[in-house]
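Participant: Each residue of the sequence shown is one higher than the last, beginning at -9 in this note's numbering.
Quick reminder that beta carbons are idealized off the backbone N, C-alpha and C, glycines included.
Before I ask anything, let me first share the structure, which is written out below as structure tokens.
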Amino acid sequence: MRKLMRSIKGFPSNTLVLALVCFFWIPSLSQQPTTFTSITPGGVWPADDGKHIDCHAGNIIYSAQSKRYYWFGEHRGSPGGVACYSSADLYNWKNEGLAMQKGAIAVLERPKVAYNTTTKKYVLWFHYDNGGYGLAHLGVASSDSVRGPYTLVDHFLPNGHQSRDMGMYCDDNGKVYIIYAADPTNVTIRIVELTSDYLNVTTNDVDIQAHCEGPGMLKINGVYYLITSKCSGWTPNQATYYTATSVTGPFTSKGDPCVGDTNHTTFNSQPCNIFQIPGYSNGFMYMGDRWNGVGSANSQYVFLPITITSTGAMQIKWAASWTPSSVFTPSSVKEKNVYDFKQAVFGNAVNRTVLRAFDLLGRSLSLNYPRDPHNYSNRLSNPMRSFP
Ligand code: DGJ
């Protein structure tokens, strides 16, 4: 102690105090995670650990129970595998660690997770390959917990076809499909229906007359929209979208959905998924990766709102900063089936009954019952009722 005092002797006491404050305060400040209030495509996007999110080419699922989004993707840093991040708002993400280690798998790309409500298992599908991309398998793993660990179940050529880039589409009837760039070497795109436990493929496996990589799909008003990139490795190119009235096609090419994308590079990104944001009647989010020609851990994310115009065209426009509520229409009781609401409670106020409903995002709505112009009587006969 005396030694320390001797060594600091001669320093003006103010300087010393300032130095000590800086020593303890500045590092703690720099570890404060940034709080985001919007989605800002491109650029560095730190998670709660202060590090750029390393979760590429994946998908997002929403848990109505925990009211959290779970984002899965390729963890391209070391160790490789499937990353999992979670968030309450789509802006601020918590690093949940690796959901699955890559281990001996040479190439594990484009992971996508679906929850099976019957088996209560989380099922992970991905592109499983060797170092030369010569196997072209689909891989499947499963877990009892959303965050994993996921255990490899199998990997194979689906119905004998090559499968490289893949996407997942969960239809509203509970059926799940894998959309995959197939043979010969990405020239076709096929869609295959999964078995009811989501752990295997069925023989309902169709060439949907589309071409290329990076598939993602949505459905609105009975029309399926498929987006794909062309094949240029990690370099971005112009997207194409296709439409069909059946999930198995045939799909018709409709051209580039991007508006104002002057370089024709899908805003410098490659599609990996379309996420339907719960709580909105038309809330679809384009998810793309900005690989910067390399495909490294610090590749960025281009998440943009998708609009389907009144004439049925898909449009993706650049938005430097956006929130779902600034772009999409919140689902109202009028538009939505009441079972989409987590909880609805009747209470009596002077001469009227008030319905309070909580949607899947936990927001509450107050409605006068039965004076609001919707007839709930058939569906809400019980004055106190919880919905799944
Ligand atoms: C393009 C694909 O879209 C990526 O997922 C990846 O497989 C690279 N090719 C590899 O070059």
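#1: Are there 16 or more other CB atoms within 10 angstroms of the CB of residue 65, so buried, or fewer, so exposed?
#2: In the DSSP output, what is residue 115 paired with across the bridge?
#3: Quick one: give me the first and last residue of the alpha helix (DSSP H) that residue 268 is part of.
#4: To which residues of the same chain is residue 312 closer than 7 Å at the C-beta, ignoring the five residues directly before and after it?
#5: Which residue wins for smallest C-alpha separation from residue 431, given the options 31, 130 and 300?
#6: Looking at the secondary structure, which residues open and close the beta strand (DSSP E) in which residue 182 lies?
#7: Taking the alpha-carbon positions, what's the residue 236 to residue 207 distance?
#8: With a cut-off of 8 Å, do at least 3 Cβ pairs link the segment 66 to 86 to the segment 254 to 263?
#9: So what's residue 48 in DSSP terms, helix, strand or just coil?
#10: What I want to know is whether the C-beta of residue 305 ends up closer than 7 Å to one or more non-hydrogen atoms of the ligand DGJ.
#11: Where do the ends of the alpha helix (DSSP H) carrying residue 315 lie?
#12: Kindly indicate which three-state DSSP category residue 240 falls into: helix, strand or coil?
#13: Quick test of your reading: residue 203 and residue 155, contact by CB under 8 Å. State the CB separation rounded to the nearest angstrom.
#14: Under a Cβ-count criterion, where at least 16 other Cβ atoms within 10 Å of its own Cβ denotes burial, should residue 240 be classed as buried or exposed?
#15: Do the segment 139 to 149 and the segment 219 to 229 make contact, defined as three or more Cβ pairs closer than 8 Å?
#16: I'd like the list of long-range same chain contacts for residue 174, defined as Cβ closer than 8 Å, with 5 residues on each side in sequence excluded.
#17: Check for me: the beta strand (DSSP E) holding residue 280 runs from which residue to which?
#18: By the three-class DSSP mapping on this structure, what secondary structure does residue 163 have?
#19: First and last residue of the beta strand (DSSP E) that includes residue 145?
#20: Determine the DSSP secondary structure at residue 82, reduced to helix, strand or coil.
#21: Nearest to residue 380 by CA position, among 195, 143 and 190, is which residue?
#22: Rounding to the nearest angstrom, what Cα-Cα distance links residue 290 and residue 266 in this structure?
#23: Does the distance from the C-beta atom of residue 307 to that of residue 250 stay below 8 Å?
#24: For residue 186, which option in 179, 194 and 274 has the closest C-alpha, if you only look at C-alpha atoms?
#25: Straight-line CA distance for residue 305 to residue 299?
#26: Under 7 Å: does the beta carbon of residue 155 sit that close to some heavy atom of the ligand DGJ?
#27: Would the beta-carbon of residue 47 be found less than 7 Å away from any heavy atom of the ligand DGJ?
#28: In the DSSP assignment, the beta strand (DSSP E) including residue 66 goes from what residue to what residue?
#29: Within a Cβ cutoff of 7 Å, which residues of the same chain sit near residue 279, ignoring the five residues on either side of it in sequence?
#30: Could you pull the DSSP bridge partners for residue 197 from this structure?
#31: Check whether the Cβ of residue 115 sits closer than 7 Å to any heavy atom of the ligand DGJ, and report yes or no.
#32: What's the C-alpha gap between residue 169 and residue 76?
Facilitator: Put simply:
#1: Taking the sequence shown and counting its residues from 1, one reaches residue 65 at position 75. Buried is the call here.
#2: Indexing the sequence shown from 1 puts residue 115 at position 125. Beta-bridge pairing links residue 115 to 102 and 130.
#3: Here residue 268 is taken as the residue at index 278 of the sequence shown, counted from 1. Counting along the chain, residue 268 falls outside any alpha helix (DSSP H), and DSSP gives it neither H nor E.
#4: In the sequence shown, counting from the first residue as 1, residue 312 sits at position 322. Hits under 7 Å: 28, 29 and 295.
#5: There is no way to answer for residue 431, as the model of the chain reaches only from -9 to 378.
#6: Indexing the sequence shown from 1 puts residue 182 at position 192. It spans 179 to 184 - the beta strand (DSSP E) in which residue 182 sits, taken as one unbroken run.
#7: Within the sequence shown, the letter at position 246 stands for residue 236. Within the sequence shown, the letter at position 217 stands for residue 207. Those two C-alpha atoms are separated by around 12 Å.
#8: no
#9: For this step, residue 48 is matched to residue 58 along the sequence shown. Strand, per DSSP.
#10: By 1-based counting over the sequence shown, the position of residue 305 is 315. Outside the cutoff, so no.
#11: What you label residue 315 is simply residue 325 of the sequence shown in a count that begins at 1. Segment 314 to 317, the alpha helix (DSSP H) holding residue 315.
#12: Counted from its first residue, the sequence shown places residue 240 at position 250. DSSP places residue 240 in coil when its eight states are reduced to three.
#13: Along the sequence shown, one-based indexing puts residue 203 at 213. Along the sequence shown, one-based indexing puts residue 155 at 165. Between residue 155 and residue 203 the Cβ distance is about 4 Å, and since that is below 8 Å, they are a contact.
#14: The residue labelled residue 240 in the question sits at position 250 within the sequence shown. Under this definition residue 240 is an exposed residue.
#15: no
#16: Within the sequence shown, numbered from 1, the residue matching residue 174 stands at position 184. So the qualifying residues of the chain are 152.
#17: For the purposes of this step, residue 280 is identified with residue 290 of the sequence shown, where counting begins at 1. Element bounds for residue 280: 274 to 280.
#18: In the sequence shown, counting from the first residue as 1, residue 163 sits at position 173. Three-state result, residue 163: coil.
#19: Counting from 1 along the sequence shown, the entry for residue 145 is found at position 155. Note, residue 145: beta strand (DSSP E), 141 to 146.
#20: In the sequence shown, residue 82 corresponds to position 92, counting from 1. The three-state secondary structure of residue 82, taken from DSSP, is coil.
#21: Any property of residue 380 remains undetermined from this structure, which presents the chain solely from -9 to 378.
#22: As a working mapping, residue 290 is identified with position 300 in the sequence shown. As a working mapping, residue 266 is identified with position 276 in the sequence shown. The straight-line gap from Cα to Cα measures roughly 21 Å.
#23: As a first step, residue 307 is located in the sequence shown; it is residue number 317 there, counting from the start. As a first step, residue 250 is located in the sequence shown; it is residue number 260 there, counting from the start. For residue 307 and residue 250, yes; Cβs fall inside 8 Å.
#24: Counting from one through the sequence shown, the residue named residue 186 turns up at place 196. Closest option to residue 186, Cα to Cα, is 194.
#25: To locate residue 305, count along the sequence shown from 1; it is residue 315. To locate residue 299, count along the sequence shown from 1; it is residue 309. For residue 305 and residue 299, the distance between alpha carbons rounds to 7 Å.
#26: One-based indexing of the sequence shown puts residue 155 at position 165. Checking the Cβ of residue 155 against the ligand DGJ gives yes.
#27: Here the question's residue 47 lines up with position 57 in the sequence shown. At a cut-off of 7 Å, the beta-carbon of residue 47 counts as near the ligand DGJ: some heavy atom of the ligand is closer than that.
#28: Numbered from 1 along the sequence shown, position 76 holds the residue referred to as residue 66. Run containing residue 66: none; DSSP gives neither H nor E here.
#29: Translated into positions along the sequence shown, residue 279 becomes position 289. Once the five neighbours on either side are set aside, the close Cβ partners of residue 279 are 46, 47, 259, 260, 262, 289 and 291.
#30: What you label residue 197 is simply residue 207 of the sequence shown in a count that begins at 1. Looking at the DSSP assignment, residue 197 forms a beta bridge with 180.
#31: In the sequence shown, the residue the question calls residue 115 occupies position 125. Answer for residue 115: no, Cβ out of range of the ligand DGJ.
#32: In the sequence shown, the residue the question calls residue 169 occupies position 179. In the sequence shown, the residue the question calls residue 76 occupies position 86. Each residue's Cα considered, the two are about 25 Å apart.
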